[in-house]
Every structure is written in structure tokens, then in C-alpha cells.
Amino acid sequence: MHIRRKRPDTVRGPAEHFTGTVWLDEVATPAAPSRLRMFSVHFAPDAHTSWHRHPHGQVLHVLEGEGLVQREGGEVEAIRAGDTVWIEPGERHWHGAGPRTFMTHLAVVEAAADGTTTEWDAHVSADVYPA
Ligand code: MN
213 MHIRRKRPDT
223 VRGPAEHFTG
233 TVWLDEVATP
243 AAPSRLRMFS
253 VHFAPDAHTS
263 WHRHPHGQVL
273 HVLEGEGLVQ
283 REGGEVEAIR
293 AGDTVWIEPG
303 ERHWHGAGPR
313 TFMTHLAVVE
323 AAADGTTTEW
333 DAHVSADVYP
343 A
């Protein structure tokens with residue numbers, strides 16, 4: 213076993229893939245054969261991901277605040293501290309804070325054999341993200 217306290221620097225979610233202010237903390241990237249990747253993601257009010265897919269799906273576990281998630285073809289759904297969301301492999305979706313609330317979630321994925329964790333798509337349009 214191993215306890216790690218020193219973590220990599222917190223990094224900004226790049227504007228190419230996120231709208232608004234998003235900070236990413238890497239929690240766990242264990243060595244092979246594990247393909248686990250775990251991040252704590254901090255969304256300022258109004259901030260959210262672009263549309264994207266995860267080849268092996270994703271678990272989102274909300275730690276703090278209130279946010280939103282939408283699967284393609286589905287309604288925008290509210291999520292809050294304590295909620296756990298399963299995104300199916302290949303399911304196009306986005307997630308983030310509410311328009312007036314912070315939200316922090318753990319994001320857990322299994323990388324594909326080639327290392328891919330996320331396939332990024334278009335930004336969420338203003339008529340989809342609630343005002
Ligand atoms: Mn996702």
C-alpha cells in the first residue's frame with residue numbers, strides 16, 4: 213500500500229474543452245495494469261464541460277454543491293452532493309455547475325487500451341445550457 217499526500221498541481225480545464233472556470237485535481241493515475249483515472253473537478257457557477265464521450269463510461273460522484281448533467285436526447289438533470297451518476301460507454305453527454313451554484317465532483321474512468329479517456333466534441337450551445 214501507499215499513501216500519497218503531495219499531489220500534482222491543480223490545472224485549469226482548457227477552454228478548448230470547457231466553458232467557464234474549471235479546475236482539475238488529479239486524484240489517482242495508478243500504473244499499469246490498472247487503467248483507473250480519477251479526478252476531482254471544481255466548476256465555478258455557469259462552468260461546464262463540452263459534449264464528450266468516454267470509451268469505457270464514467271462515474272461522477274458529486275462531493276459538493278449543485279450541478280447539471282445531460283445525456284444526448286435526454287433532459288438536463290440536476291445533481292447535488294451525494295449523487296452518483298453512471299455514464300454509459302460511448303454515451304454523448306456534458307456535465308458541470310448550475311448557472312448560479314458551484315459544483316465539485318469526482319470523475320472516475322477507465323482508460324481505453326490506447327490510453328484514451330475522453331473523446332471531446334462541440335461546446336454546449338447557449339440554448340441547451342440553462343440561463
Ligand atoms: Mn464525462
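Sequential numbering of the sequence shown, starting at 213, is according to this note's numbering. All residues carry an ideal CB built from backbone N, CA and C; glycine is no exception.
- The residues Val234, Gly308, Ala309 and Met315, in chain order, have a CB closer than 6 Å to that of Phe255 in the same chain once the five nearest residues on each side in sequence are set aside.
- A straight-line Cα-Cα distance of about 16 Å links His260 and His266.
- In the three-state scheme derived from DSSP, where H, G and I count as helix and E and B as strand, Glu238 is classed as strand.
- It is roughly 6 Å from the alpha-carbon of Val288 to the alpha-carbon of Leu280.
- DSSP places Phe314 outside any beta strand (DSSP E), giving it a letter other than H or E.
- Arg304: not part of any beta strand (DSSP E); DSSP gives it neither H nor E.
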